[in-house]
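If you count the sequence shown from 1, you need to add 9 to reach the numbering used here. Presented below is the structure to which this report refers.
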Amino acid sequence: MTLRAEVNERLTRVGPGTPAGKMLRRYWQPIAAASELDDKPVRKVRVLGEDLVLYRDAVGEFGLLAEQCPHRLASLNYGIPEAGGLRCPYHGWLFDRTGQCLEQPNEPENSTFHRRIRTAAYPVQELGGLLFAYLGPGEPPLLPRFDVLVQEGGYRSVGTAVLPCNWLQIMENSVDPVHAEWLHGKYFDYIQHGFGQEALDLFAGRPHHVEIGFDVFEYGIIKRRVLEGGSREDEAWAVGHPLIFPNLLKVGGGGVSEFQYRVPVDDTHTLHIWYTLYEPPGGVPTPQTVVPHFRVPYKDENDEFIVDFIPGQDIMAWVTQGSVTDRTREHLGQTDKGVILFRRLLQEQIQLVERDEDPLGTVRDPDHNVRIDLPLEKDKFLSGEHALKELKGKHARYNPHYDDIVRLFGQTASA
Ligand code: FES
Ligand SMILES: [Fe+2]
């Protein structure tokens with residue numbers, strides 16, 4: 010079963026007016042950590058193929074405007090945030106966060122010209138230290154208050170990387186449980202043992218997937234698995250964890266919960282966000298005031314993928330599939346049934362949006378949005394050496410606060 014080229018285009022392209030682009034615009038998308046505006050309150054962002062400028066104005070309100078000033082197209086990335094909006098550095102036109110031009114300082118005093126000038130603008134909301142934007146039409150739905158974002162206490166961090174590939178192949182990885190057995194299991198063993206044949210002996214000890222299952226639910230797809238020696242009674246099957254439609258994955262296990270957002274920058278680039286909540290058994294002594302941001306590297310100085318940590322292994326696989334995977338050349342097997350289900354769901358939801366209906370998981374009722382809990386296995390309790398191994402094998406190793414996180418779990422980084 011392969012996809013026709015036109016279906017591949019339909020599912021992957023994200024620009025304004027494209028089928029998937031219109032569907033993705035019906036969801037609030039995270040575009041930055043709020044703390045990324047701490048050093049400089051104006052930042053250029055590219056989202057769904059649109060060049061935009063994100064800013065925090067002088068009274069702390071966030072705005073998102075088209076990058077180019079409608080006067081003579083200079084970049085508002087160099088703009089000056091004021092109490093009422095963002096002022097263009099070139100001739101001082103001032104825009105509020107709805108995109109309305111408020112002032113044109115050098116036009117005649119009684120001119121009404123500014124009233125007829127408006128630039129593209131999108132609403133921005135902060136939640137849990139992330140900034141979300143709504144690029145869709147009409148009345149925006151509510152920004153879903155998912156558990157990991159609104160959970161009290163704990164220690165949070167935001168890691169990001171811009172990856173040179175289309176968003177969909179990254180999301181398809183989230184409905185492909187079997188890859189963990191190979192990419193993060195056997196392949197990991199192979200490289201950790203110096204690419205030597207002796208690693209092959211270790212392969213026998215890796216748990217094999219005996220069953221995988223997928224259920225569509227209110228917010229996306231719940232993934233389930235039974236590993237060799239286990240049963241459907243195990244949380245890995247009975248609870249599972251979700252792909253939150255269309256571009257979010259929730260993962261983790263006792264002590265760590267993580268949202269992985271895959272926000273299309275354009276057709277061939279994706280902003281990957283690891284939003285991680287650490288809840289160590291003893292709690293977090295000092296409440297966080299700022300959720301820190303850090304970059305996650307994925308290539309080394311020789312331009313090779315960094316494959317000795319789990320996210321780096323995934324990134325190697327996603328990027329090497331091609332900038333937009335050519336799905337006409339695939340050969341899908343039984344274990345790709347999650348991928349097939351997700352593609353079907355995408356097709357359905359794109360059609361709903363074409364009929365101007367709200368797609369899956371749209372939240373409009375405030376009573377349903379106090380806190381939205383999503384399933385997650387809890388039996389992978391992080392303690393002792395296992396905690397340390399887990400943290401070292403993840404993006405946390407690039408977190409400048411890595412040692413603090415390790416200490417929270419009662420370990421020392423040198424252990
Ligand atoms: S180009 Fe922005 S004010 Fe002239
Ligand atoms: Fe993976």
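For every residue, glycine included, the Cβ atom is placed at its ideal position computed from N, Cα and C. From a predicted model like this one, the values you see are computed outputs, not experimental measurements.
Using only alpha-carbon positions, find the residue among the options that is nearest to residue i.
i	options	result
H100	C78, V219, Q109 and R380	C78
T128	L139, I200, T107 and I40	T107
V260	L280, L286 and G239	L286
R55	R336, D365 and T279	T279
F223	I359, R352 and I89	R352
L74	L95, I89 and V305	L95
G138	N17, Y284, A247 and G145	Y284
E363	P146, E118 and Y411	P146
Which whole-angstrom value describes the C-beta separation of residue i and residue j, a residue pair presumed to lie in contact below a C-beta threshold of 8 Å?
i	j	result
V157	S44	At roughly 17 Å, the Cβ-Cβ gap does not stay under 8 Å, so V157 and S44 are not in contact.
W37	Q178	Not quite, the Cβ-Cβ distance comes to about 23 Å (not below 8 Å), so this is no contact.
Q322	H193	6 Å
E112	L103	4 Å
L341	I349	7 Å
A170	Y307	6 Å
T21	D276	7 Å
V62	K53	6 Å
Which two residues bound the contiguous beta strand (DSSP E) that contains residue i?
i	result
G168	Y164 to L172
W283	H278 to Y287
D60	E59 to R65
P39	Q38 to A42
V157	Note, V157: premise wrong, no beta strand (DSSP E); alpha helix (DSSP H) at D156 to V159.
R22	Here R22 belongs to no beta strand (DSSP E), and DSSP marks it neither H nor E.
R55	V51 to V56
L136	V133 to L136
V265	V265 to D275
V299	Segment: none, V299 is in no beta strand (DSSP E) and carries neither H nor E.
Would you mind sorting residue i into buried or exposed? The rule is 16 or more other CB atoms within 10 Å of its CB.
i	result
F390	Any reading at F390 must be qualified, since the residue scores a pLDDT of 45, below 50, and its modelled position is unreliable; no value is offered.
I426	The shown model of the chain, from 10 to 424, leaves out residue 426, and the question about it has no answer.
E288	buried
V299	exposed
D185	buried
A166	According to the sequence displayed, residue 166 carries Ser and not Ala. Result: buried.
L385	buried
P39	buried
Q358	buried
How would you write the range of the alpha helix (DSSP H) that residue i sits in, first residue to last?
i	result
R353	K346 to E363
Q201	Y196 to Q201
I429	Lying before the first or after the last residue shown, residue 429 is absent from the chain, which here runs from 10 to 424.
R416	Y411 to L417
A129	Looking at the DSSP string, A129 is not in any alpha helix (DSSP H), and its letter there is neither H nor E.
Mind checking if residue i is an interface residue toward chain B, Cβ cutoff 8 Å exclusive?
i	result
N311	Among the chains in the structure shown there is no chain B, since it carries only a single protein chain.
Taking 7 Å as the cut-off, is the C-beta of residue i nearer than that to any heavy atom in ligand 3?
i	result
G101	Ligands in the displayed structure: ligand 1 and ligand 2; ligand 3 is not one of them.
- Within the chosen definition, does the segment 147–154 reach the segment 360–375 through at least 3 CB pairs nearer than 8 Å? Because the criterion of three Cβ pairs below 8 Å is met, the segment 147–154 and the segment 360–375 touch.
- Query: Is there contact here, the segment 289–299 with the segment 266–277, by at least three beta-carbon pairs under 8 Å?
  - Reply: no
- For the segment 310–324 and the segment 402–412, state whether three or more C-beta atom pairs, one from each stretch, are separated by less than 8 Å. In short, these stretches touch, since the Cβ pair count reaches three.
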